[in-house]
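Under our numbering, the first residue of the sequence shown carries the number 340, and numbering increases by one thereafter.
C-beta atoms are modelled at their ideal positions from N, C-alpha and C, and glycine is treated no differently.
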Amino acid sequence: MNPPRTEQLIESLASDLRRWRVVLSPLTVTLLWFSVSFLWVAGCLFLLGPYRDEWFAQTLQHPRLLLELLAGLGASFAMALWGFLRSIRGTQARLGIVAAFVLAGVFVGSVGAGLLGHPAVEPSMAGKRETCIWEALLISLPPLIGAIGLIRRRFPLQPLQAAAPLAGATMVLPATLMHVACMCDPVHIFLSHILPAMAATVVATVVVLAANLITPEHPVPTPDHQK
Numbered sequence: 340m341n342p343p344r345t346e347q348l349i350e351s352l353a354s355d356l357r358r359w360r361v362v363l364s365p366l367t368v369t370l371l372w373f374s375v376s377f378l379w380v381a382g383c384l385f386l387l388g389p390y391r392d393e394w395f396a397q398t399l400q401h402p403r404l405l406l407e408l409l410a411g412l413g414a415s416f417a418m419a420l421w422g423f424l425r426s427i428r429g430t431q432a433r434l435g436i437v438a439a440f441v442l443a444g445v446f447v448g449s450v451g452a453g454l455l456g457h458p459a460v461e462p463s464m465a466g467k468r469e470t471c472i473w474e475a476l477l478i479s480l481p482p483l484i485g486a487i488g489l490i491r492r493r494f495p496l497q498p499l500q501a502a503a504p505l506a507g508a509t510m511v512l513p514a515t516l517m518h519v520a521c522m523c524d525p526v527h528i529f530l531s532h533i534l535p536a537m538a539a540t541v542v543a544t545v546v547v548l549a550a551n552l553i554t555p556e557h558p559v560p561t562p563d564h565q566k
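This is the structure in structure tokens:
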């Protein structure tokens, strides 16, 4: 076969090749999902009702309020990373798990200290939303649907394993932003903002466990099993 015919053969074979899409890393997907979800939740809360008066000044003047906001947002990001990593078989999600539990512990612990009489900000009824629970639940649905869509398109091996942390991530995000969009009262924050997020995570965990019992996952065959 002469060189010109070889080149023609290569060109004819290459012309039928489909362009493959670049698969983004779990960290990149988490950054994209979290950024869009944050803007969505913050925008919806602003449109549904004004943020609490002087919330920005309160955040700067009270370090614990700033700590709670950063810990809550960080916990949401870590849970999302945990979920996207967990959807890939064989990927280690230990860092995301540890970060999620530590940051969530700081967030809940600081609010819990408020229940014991040491609130981050002086309790006030200013900015109270009558339907904050339903607002948080409804606002969190599009980010959760988006996360499931990303898993199905990018990481299809273990979608069920990511349900619990992703449900937690989508609920912790509005629960955290309610710190500046709703009233500053530890009891209200715990009952109306944190408990719904915890309940959604527990429900998702139960669904995952039930699904695994009904259709247990089969381990990937190793070279030893193939012999």
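Requested in this report: Measure the C-alpha to C-alpha separation of Ser426 and Thr345 and round it to an integer number of angstroms.
Outcome: Approximately 44 Å between the Cα atoms of the pair.
Requested in this report: Compute the beta-carbon to beta-carbon distance between Gly435 and Pro525, rounded to the nearest angstrom, for a pair I have assumed lies under 8 Å.
Outcome: So it is not a contact: roughly 28 Å between Cβ atoms.
Requested in this report: Take the Cβ of Val559 as the centre, count every other Cβ of all protein chains shown within 10 Å, and call the residue buried at 16 or more, exposed below.
Outcome: Reliability fails at Val559, whose pLDDT of 46 lies under 50, so the model's placement of it is uncertain and the value that follows must be treated cautiously. That one is exposed.
Report task. Have a look at Leu534 and Leu370 and give me their C-alpha separation to the nearest angstrom. Result -> Each residue's alpha carbon lies about 26 Å from the other.
Report task. Report the three-state DSSP secondary structure of Pro558 (helix, strand or coil). Result -> In this predicted model, Pro558 has a pLDDT of only 49, less than 50, meaning its place in the structure is not dependable; the value taken from the coordinates is given anyway. Pro558 falls in the coil class under three-state DSSP.
Requested in this report: Measure the Cβ-Cβ separation of Leu512 and Pro481 and say whether it is below 8 Å.
Outcome: no
Query raised in the report: How big is the Cα-Cα spacing for Leu408 and Trp394?
Result: 12 Å
Query raised in the report: For Val519, is the classification buried or exposed, using 16 other Cβ atoms within 10 angstroms of its Cβ as the cut-off for buried?
Result: buried
Query raised in the report: Who are Ser463's beta bridge partners in DSSP?
Result: Cys523
Requested in this report: Report yes if the CB atom of Leu420 is closer than 8 Å to the CB atom of Pro458, and no otherwise.
Outcome: no
Report task. Only counting runs of 3 or more residues, tell me where the beta strand (DSSP E) segments fall wholly within the stretch 424 to 459, in order along the chain. Result -> none
Requested in this report: Kindly indicate which three-state DSSP category Pro389 falls into: helix, strand or coil?
Outcome: coil
Query raised in the report: Between the stretch 467 to 482 and the stretch 379 to 392, are three or more C-beta pairs nearer than 8 Å?
Result: yes
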